[in-house]
Structure formats: C-alpha cells, structure tokens
Amino acid sequence: MSLASEMFRDDRRLQECLLHDRAHLTEGTVGPFVNKVQDALFVIDGLRCVPEERRLQRYGPSTAAAVHSFKKRRRIINRSYQTQADDIVGKMTIDALDKALVEKERQCRPVVHVAGARAKAVASVPGDRRRPNGPLPPAGARAALIGAPVSAPSNLSPAGVAMTRAPGAAALVNLARRRLGAMMQFHAHPTLPLPPGIMPSFDALWACFGLPVFPKNSPLLPGQTNQAVKSIADFLRVVDDVYERAVRHLAQANTLFHDPAGPVPEFDGAHAFTLTTPRKPGEPAPSAAFPDGCFFNPRYLAGAEGPVGTRKQMVVALHECVHFVQNDNIADNATQTLSSAHGYSDFVIFCAFGRMAISDSE
C-alpha cells in the first residue's frame, strides 16, 4: 500500500503517515511535508492555511481547521472510537487526500495540440510590475474590455495583419492578468470570501501548467533545473511575469513582427514562428531579411480549411510573444510546465472565452 499522487508519492514522511499510527500529523507538527498537505487541501477543496503557517511549514490552527473541514465533508471518521471528524491527518485522511489528488491529476491531463513552431531564446527584459486590478468582470462584459475586432485591410501582409491584432491580444492577456490578480489575493488572504469562479480558474491553471508540486523550474531563469518556484504564490507570480513581458512585446509589434523573406521549411506548417540568436540547424542565419523576431506565414491568414479568424490571429500573436519572453525555456513541447507556451495561450483563452481551445475559423 502506497501513495500514488504526484504530489505525495515521493514523500517518505507522508508514506509513513499512510502506514503507521505513530506518524500521524497533528497540530504542532513541522516539516516540508506539511506544506504538501496544505497545498493538497487548497488544490482539492480551496481550503486555505494562513501564510505564516505555510512559511514556517507548521501544522497550526488554520491547517487543523482545513483538515477538519476536508474530513467533515467526506465523513472521514474512525468509527471504532469516534462519532465525528477530528483535525488529525492519519491513515484514512492521507489516503483520502491522495485519492482526491489522483482524481484531480486525471482531470488536469495535458491538452493535446497540433505541433506549432519551435521556440528559441532571447534574454528576458525587466518588466513593468503593474497589473490590471479589480475583480474579473462577468462574461458579458469581457467583449467590451477586449474591444471590437479591428478590420484589417485586405491588402495587408500576414505580419501587417498581426500588427492590427496586437492590441486585442494585449487586452486578452490583461483579462488573464486580472484573473491572476484575484487568485493572488484569494491565496494571500485566507479571510477573504470565496470569489465567484475562483476554483475553476485554479483548475484551469493546473490543467495548463501542471499541479502545484514543488519545487518547479522558472522559465524566467537560465536552464530548466533552477527549481526556483517553491510555492503557489511563486507559481502565480511567474505566470503573471511572463504575461506582463508578453504584453510589452505586443506593444512593440511594429518592429518585432515580420513577414518571412522566403520559405523556411522547418516552419512551413505553422501559423507563425520565432527566430532568435543563436540560430539552430535548419533556421535561416541572422540577417536583415531574418532578424530576431516573430514571423507570420501565409497560413496566419488562411489555411486548408479557410480563412483564419480574428480570435485565432490574436491568440497566435500572443503565443509568439510568449515565446519571445524567454525562448530557450518556453517551448511548444513543454506540456504542463511553467515553460509551456501553449499553457500561456490556453489560459488566456480560458479567461476570455471560458474554454482552452479555439478553432482556426474563430
């Protein structure tokens, strides 16, 4: 008998809790495994523990209250000597938490994407720390924030059309950042009431970037072994930082977006692709014709199934600007990590349209 969830299975102390009565977790217990229980309670039921207990890795009163709520909801009671749920994590409770995590992991399975352009690197740039504030507007008000689609003149090239889509793409990102701001507030202040739709937002975040099993790697730091993301607060902050920098790139669309000077076979099937220095085999050498930037193929305007819609064009423009944030790390094939380019565009789609995929025709 062993724990099966990604969050718990490699933790020896929690495995002991499953097997031995002496390893129960009670108020006053301290250790990194306590943070995992606190994270699990949040991921499963949205139950929050005060930041001080998280910082100290302590099983304190708020953690005990969250455990009691989890057990009461599921009627986890040892009927050999109890008549009501307590606030101790024992064999039955750690097993129930583990099974709930396994189910959450199943629900947050990776989203399958059509292969897109491979990303490469540029140095990240310092970001403006401002974020759109306030609660997420209701679905009916989102269109007003995004604005009416801009009609692109028919004589524009793919890059020219992409430039007209950049303001709309930035508005979509700002919707996602507004939602992230509400999520940060909710996580940081345990006394706040549960905002409408907040838990589906976290579910979407886990689906896009993976469950909060720490440490995780930050795509904003060199390499993919930095393990700098150690908490849900770090997790949210990294996603927001990537979006903030992507918005800055969208604001530079008139210099960053280009039409390919000629065919690039490696990217023929993509709506768009990103080139940076140093180049990899199969990519054109840096030149005036192929500077570092985002390139938009004819398929950005129309594919085999017909014209590409405005929403899709905005999302593709955003997607390439996400690559451009730190492309040694942020790639199309990095599924369910903070380095997943599709994760960033999918979460924006969720915040704007209530789902995590759109068709070419939209």
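For what it's worth, numbering that gives the first Met the number 0 labels the leading residue of the sequence shown as 0, then goes sequentially.
Quick reminder that beta carbons are idealized off the backbone N, C-alpha and C, glycines included.
Judged by DSSP in its simplified three-state form, residue 217 adopts coil rather than helix or strand.
The beta carbons of residue 172 and residue 312 sit no closer together than 8 Å. Approximately 6 Å separates the beta-carbon atoms of residue 271 and residue 296; this is inside 8 Å, confirming the contact.
Under the three-pair Cβ rule at 8 Å, the segment 193-200 does not count as touching the segment 18-37. When the Cα atoms are used, residue 158 and residue 292 turn out to be separated by approximately 11 Å.
Note on residue 3: under 16 other CB atoms within 10 angstroms of its CB, so exposed under the neighbour-count rule. Residue environment analysis places residue 279 among the exposed positions, since fewer than 16 neighbouring C-beta atoms fall within 10 angstroms of its C-beta.
A Cβ-Cβ distance of about 36 Å is found for the pair residue 259 and residue 234, leaving them out of contact under the 8 Å criterion. Counting along the chain, the unbroken alpha helix (DSSP H) around residue 16 starts and ends at 11-18. Cβ neighbours of residue 338 within its own chain (closer than 8 Å, five residues either side excluded): 216, 218, 223, 328, 329, 330. Note on geometry: alpha-carbon atoms of residue 360 and residue 78 lie some 58 Å from one another. Secondary structure of residue 212 (DSSP, three-state): coil.
Runs of beta strand (DSSP E) with 3 or more residues, each lying fully within the segment 212-293, are found at 271-274, listed in chain order. Secondary structure at residue 339: strand, using DSSP grouped into helix, strand and coil.
For residue 321, the three-state secondary structure derived from DSSP is helix.
The beta-bridge partner set that DSSP reports for residue 306 consists of 301. The way I'd put it, the segment 238-248 doesn't touch the segment 44-53; fewer than three beta-carbon pairs between them come closer than 8 Å.
Nearest Cα to residue 290 within the set 34, 209, 205, 273: 273. Of the residues assessed, residue 358 falls on the exposed side of the cut-off, its CB having fewer than 16 other CB atoms within 10 angstroms. Straight through space, the alpha carbons of residue 319 and residue 40 are spaced by roughly 36 Å. About 7 Å separates the Cβ atoms of residue 6 and residue 38, confirming a contact at the 8 Å cut-off. Looking only at 354, 350, 309, the smallest Cα-Cα distance to residue 178 is reached by 350. For the pair residue 181 and residue 194, the CB atoms are nearer than the 8 Å cut-off. Within the same chain, 360, 361 come within 6 Å of residue 308 by CB-CB distance, once the 5 residues on both sides are set aside. At a Cβ-Cβ threshold of 8 Å, residue 314 and residue 175 do not count as neighbours. Counting the other Cβ atoms within 10 Å of the Cβ of residue 154 gives fewer than 16, which makes it exposed.
Take the alpha-carbon of residue 24 and the one of residue 58: they are about 8 Å apart.
The C-alpha of residue 255 is placed about 19 Å away from the C-alpha of residue 343.
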